[in-house]
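Undergrad: Residue numbers (the numbering used here): 474 to 582.
Glycine included, C-beta positions come from ideal geometry on N, C-alpha and C.
From a predicted model like this one, the values you see are computed outputs, not experimental measurements.
Quick one: this structure, given as structure tokens, is what I'll be asking you about.
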């Protein structure tokens with residue numbers, strides 16, 4: 474069911490949860506019983522992933538008083554042992570074992 478907002482001419486704004494197929498342009502006010510016009514507004518869609526929403530909430534909460542972290546949290550994933558590189562592949566290769574390329578080697582200082 475969707476939540477719709479109506480404005481009573483005598484009372485105030487109120488919300489009604491009705492199925493989308495049953496919504497009408499007017500609804501009776503629960504306070505005074507007068508016909509109230511529907512208020513059209515942007516839909517309340519939640520498109521932010523849950524993990525991102527939690528991260529934003531944590532960042533906003535720690536904006537005034539930052540949390541100090543002294544070690545890696547237990548639930549954090551561990552870094553990979555070796556990173557892939559187009560020069561070395563999956564594992565590092567020593568310079569002596571690497572085949573000579575089309576460019577000259579860098580000078581040693």
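1. Tell me whether residue 505 is buried or exposed, calling it buried when 16 or more other Cβ atoms sit within 10 Å of its Cβ.
2. Apply the 10 Å Cβ neighbour rule to residue 509 and answer buried if 16 or more other Cβ atoms are within range, or exposed otherwise.
3. Residue 530 lies in the beta strand (DSSP E); which residues open and close that run?
4. Using 8 Å for Cβ pairs, my map puts residue 474 next to residue 491. What's the rounded Cβ distance?
5. Just to confirm the assignment, what range does the beta strand (DSSP E) spanning residue 489 have?
6. Tell me residue 476's beta-bridge partners as DSSP assigns them.
7. Spell out the partners DSSP gives residue 510 in its beta bridges.
TA: According to the data block:
1. exposed
2. buried
3. Run containing residue 530: none in the beta strand (DSSP E); it sits in the alpha helix (DSSP H), 523-534.
4. 6 Å
5. Run containing residue 489: 486-491, per the beta strand (DSSP E) assignment.
6. Beta-bridge pairing by DSSP links residue 476 to 490.
7. 480 and 499
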